[in-house]
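Novice: Sharing a structure, written as structure tokens. Questions coming.
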Amino acid sequence: MQQAQSRWQGKLIAALGALTLLVATFFLPFAFPPGPSVSLSYTAGFNNRVALLGFVCSTFALAFVFARKFPRESVADKPLSRWLPVTFTVLYTGLTAVWQHTRPIGAEVAYCLERQLQLDRGRRLYTDFQYFYGPALIYPGHFFHTVFHLSSGGAYFLYWVLCWCCGTAMIGYVVRRIDVPTRFRIAIYLLVVLVSFLSIRDEGMQYTPLRLWCSAFCAVWVYDLRRERVRPTTLLAAMTASLLGCMAISPEHGLAVLIGLSAYSCLLFALQRRAWPASFLVSQLLIFAIVAAVAGHFHLFDGIKAFSTGGYNFPLLLSPAVLVVLSVYVCAIFSLCANLLRRNLDNATVPLALCGIPLLASAFGRCDIGHLAGDAPLWIAGLFLISSQRQLAVLWVPLALLTVYGPIGVPMLLGFTQAHLHKQMKVVVSDGAVSRDHPIDMNRTYYLPFELPIAKRLKIPEEALDSGFYAGTQGITDLASMTRKIEEIKAMRHIPFLLPVASAELPQEPYFDQHMLTLKAFELSFYVPRVKRPYLSPQPILDSIEDSHRPGDQVIDGMRVWEPVEP
């Protein structure tokens, strides 16, 4: 009788905890409206920071209550052959190389290439122009352009293919080396690697597996070296290289590795002091602090600071798809707490979860399903826990297929047959028209190895390539950045400038309703938030552009030159 009562009380506590988690994540944020920012969350009065804190705190509270009772199933491990990752790496390298020659320009290329053009002109990264991502995603394209005399477009896509090659190899390494026994390792790999291919259509550097998986790769690599008991200096060098590499690829992933590996070292020192001396911990923390200070000095964290204002945030919708994604993160945090309570740090999911938790800040910002599920370290840690628990796997897999991979993945896959940005031009020119000097040789009508052929040239005055610190309205997150861009346009009123078309054709009042209805349909949401405040539109920037400039006639792959208006 007492045992049945105790079981009933445990279920009641679990139900109340789950209800608290839902309220803290989806409803409490409406009670703390955010400050002004160019975002849908500001319009809806949804505070993404409160949602993040509510989710993390509630999940950790639940985890520490129930983690000890979490079953440890003894299952046979089915290893992943190295030939499957090798096959997919070769396959994706070939597919991306063919894709970039045969498809219309992806939606993210205009911004990425326009920023690379600033670098090609000798402007200073992060100081003279804004760039959201790490220098390792923009400097190699600039290097290929200057050293091998490729056009900026050709150099960009050559490096884009290489990023896909390296990133796909990283996914294989991570899945093979995680030491959680599971019979579904091959299924996990196929799920992750096939879903990652959906981001090819945008052709943005930021959506390559190299950026999305660099922190997970480094966490598992460092864990592997520690498990192999390499020399302390070798391990310290690997940790430093991991931090430098991730910081160069993506400052937010670098910050996650800094926090995650520092926390992992502190836990090792606290729980396994004999094997983890204080001198090693102090050396690591000192080196990490120096790297962070240098990165801050060179403005690598400016993009993170800009988005910390709430710019571009979406309200988190209560939907089956979102609940399925968040359940993976809950499982990862439960696994972390269970290992900590058992004083077990010899598990690859521990450093993965520690590196993944800081990345939740990014996932809980732009809360569409793609960005929400983009926390690779926490995502893969949660998937391995689910796969090791039979009951969880039986429940989660059908739900994921019905709510995420079916309604969302299939339409995206079918969307590959549609043009993303524009219809491909039908103008055909002779081979003699091919030029490797022009920076916007981007329309593809015939094959030329690692170079983009020309269907029609966009004539750009040299001075027009200086578009300023921001690329039009892209990167405008709050009133301060809006004011800076307006002043910038006023200073450029006598010269032409190049803009991505999307950054000068922003929808206004219907913007909120259109996006919310799209998210509702895409994620099968139960509701859509009401408009509580007017959308903080960058319309003043567009008005300033139209007052001093007129749009040019030609639009080539999302680029347009704006000419100054005659006084």
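Convert by adding 989 to the 1-based position in the sequence shown; the result is the number in our numbering.
Just so it is clear, CB atoms sit at the ideal spot from N, CA and C, and this is done for glycine as well.
Values in this document were obtained by computation on a predicted structure and should not be read as measured data.
1) Ignoring anything shorter than 4 residues, give me the alpha helix (DSSP H) runs that lie fully in the region 1114-1178, in order along the chain.
2) By the three-class DSSP mapping on this structure, what secondary structure does Phe1486 have?
3) For Leu1349, which residues in the same chain have their Cβ closer than 8 Å to its Cβ, ignoring the five residues on either side in sequence?
4) Only counting the same chain, and skipping five residues up and downstream in sequence, which positions put a Cβ closer than 8 Å to that of Leu1307?
5) Would you say the beta carbon of Pro1387 is closer than 7 Å to some non-hydrogen atom of the ligand ZN?
6) Quick one: residues in its chain with C-beta nearer than 8 Å to the C-beta of Glu1477, no 5 flanking neighbours on either side, listed in chain order?
7) So the candidates are Thr1229, Phe1021, Tyr1100 and Tyr1196; which of them puts its Cα closest to the Cα of Cys1207?
8) On the criterion of 16 or more Cβ atoms from any shown chain inside 10 Å, does Asp1621 qualify as buried, or is it exposed?
9) For the candidate residues Leu1391, Phe1121, Glu1097 and Asp1109, whose alpha-carbon lies nearest to that of Phe1133?
10) On the premise that Glu1192 lies in contact with Glu1103, defined as a C-beta separation below 8 Å, what is that separation, rounded to the nearest angstrom?
11) Expressed to the nearest angstrom, what Euclidean distance is found between the alpha-carbon atoms of Ser1377 and Ile1177?
12) When you compare the region 1284-1295 with the region 1015-1028, are there three or more beta-carbon pairs, one atom per stretch, that lie closer than 8 Å?
13) Going straight from the alpha carbon of Leu1343 to that of Glu1535, what length do you get?
14) Using DSSP with H/G/I as helix, E/B as strand and the rest coil, what is Pro1518?
15) Pick out the complete alpha helix (DSSP H) segments inside the region 1214-1240, 4 residues or longer, and give them in chain order.
16) Residues in its own chain within less than 8 Å of Phe1053 by CB, not counting five upstream and five downstream?
17) Can you grab the Cα-Cα spacing for the pair Ala1382 / Ile1375, in whole Å?
18) Which partner residues does Trp1551 have in the DSSP bridge list?
19) Let's see if you can read the secondary structure: which residues bound the alpha helix (DSSP H) around Cys1101?
20) Does the pairing of the region 1122-1132 with the region 1156-1169 give three or more beta-carbon distances under 8 Å?
21) Once you ignore the five residues that flank Leu1525 on each side, which residues in its own chain have a CB closer than 7 Å to its CB?
22) Restricting to Cα atoms, I'd like to know which of Leu1051, Leu1305, Ile1358 and Phe1137 is closest to Ser1324.
23) Can you give me the start and stop residues for the alpha helix (DSSP H) that Asn1037 sits inside?
24) Closest to Ala1278 by C-alpha separation, out of Leu1073, Ile1248 and Ser1268, would be which residue?
25) What does a CB cutoff of less than 8 Å around Trp1153 pick up in its chain, not counting 5 residues either side in sequence?
26) How close, in whole Å, do the beta carbons of Ile1160 and Val1184 come, if the pair is a contact with beta carbons under 8 Å?
27) Please name the residue or residues paired with Ala1460 in a DSSP beta bridge.
28) Helix, strand or coil for Met1505 per DSSP?
29) Near Trp1557, which residues of its chain fall below 6 Å by C-beta distance, leaving aside the five closest residues on each side in sequence?
30) Quick check: Pro1518 and Ile1465, are their CB atoms within less than 8 Å of each other?
31) Going by the CB atoms, is the gap between Pro1553 and His1483 shorter than 8 Å?
32) Assuming contact is defined by CB atoms lying nearer than 8 Å, are Ile1293 and Glu1241 in contact in what I supplied?
33) Answer yes or no: do Asn1340 and Tyr1253 have a C-beta to C-beta separation smaller than 8 Å?
34) Report yes if the CB atom of Ser1272 is closer than 8 Å to the CB atom of Leu1225, and no otherwise.
35) Which two residues bound the contiguous alpha helix (DSSP H) that contains Lys1294?
36) Under the rule that 16 or more other beta-carbon atoms within 10 Å means buried, what is Phe1137, buried or exposed?
Specialist: On the basis of the supplied data:
1) 1128-1136 and 1141-1166
2) Secondary structure at Phe1486: strand, using DSSP grouped into helix, strand and coil.
3) Closer than 8 Å at Cβ, skipping near neighbours: Leu1041, Phe1044, Val1045, Tyr1318, Asp1364 and Leu1367.
4) Leu1011, Phe1015, Ser1514, Phe1515 and Tyr1516
5) Inclusion of the ligand ZN in the displayed structure is not the case, the ligand content being empty and no account of it being possible.
6) Gly1457, Phe1458 and Tyr1459
7) Closest option to Cys1207, Cα to Cα, is Thr1229.
8) No answer is possible for residue 1621: the residues shown for the chain start at 990 and end at 1556.
9) Asp1109
10) Not a contact, Cβ separation roughly 14 Å.
11) 11 Å
12) no
13) 48 Å
14) coil
15) 1221-1238
16) Cys1326 and Leu1330
17) 5 Å
18) DSSP lists Phe1486 and Pro1540 as partners of Trp1551.
19) Per DSSP, Cys1101 belongs to the alpha helix (DSSP H) from Val1098 to Asp1109.
20) Contact fails: fewer than three Cβ-Cβ distances are below 8 Å.
21) Within the same chain, Leu1525 has close Cβ partners Pro1025, Ser1026, Val1027 and Tyr1031.
22) Leu1051
23) Asn1037 to Phe1055
24) Ile1248
25) Tyr1081, Thr1082, Thr1085, Ile1189, Thr1197, Pro1198 and Leu1199
26) Their Cβ separation, rounded to whole angstroms, is 10 Å, which puts Ile1160 and Val1184 out of contact at 8 Å.
27) Gln1463
28) helix
29) An answer regarding residue 1557 cannot be provided, because it is not within the stretch 990 to 1556 covered by the chain.
30) no
31) Here His1483 is near Pro1553, since their CB atoms are less than 8 Å apart.
32) Yes; because the gap between Cβ atoms is below 8 Å, this pair is in contact.
33) Per the sequence presented here, residue 1340 reads as Pro, with Asn not at that position. Yes, the pair counts as a contact, with Cβ atoms nearer than the cut-off.
34) yes
35) Asp1291 to Phe1296
36) exposed
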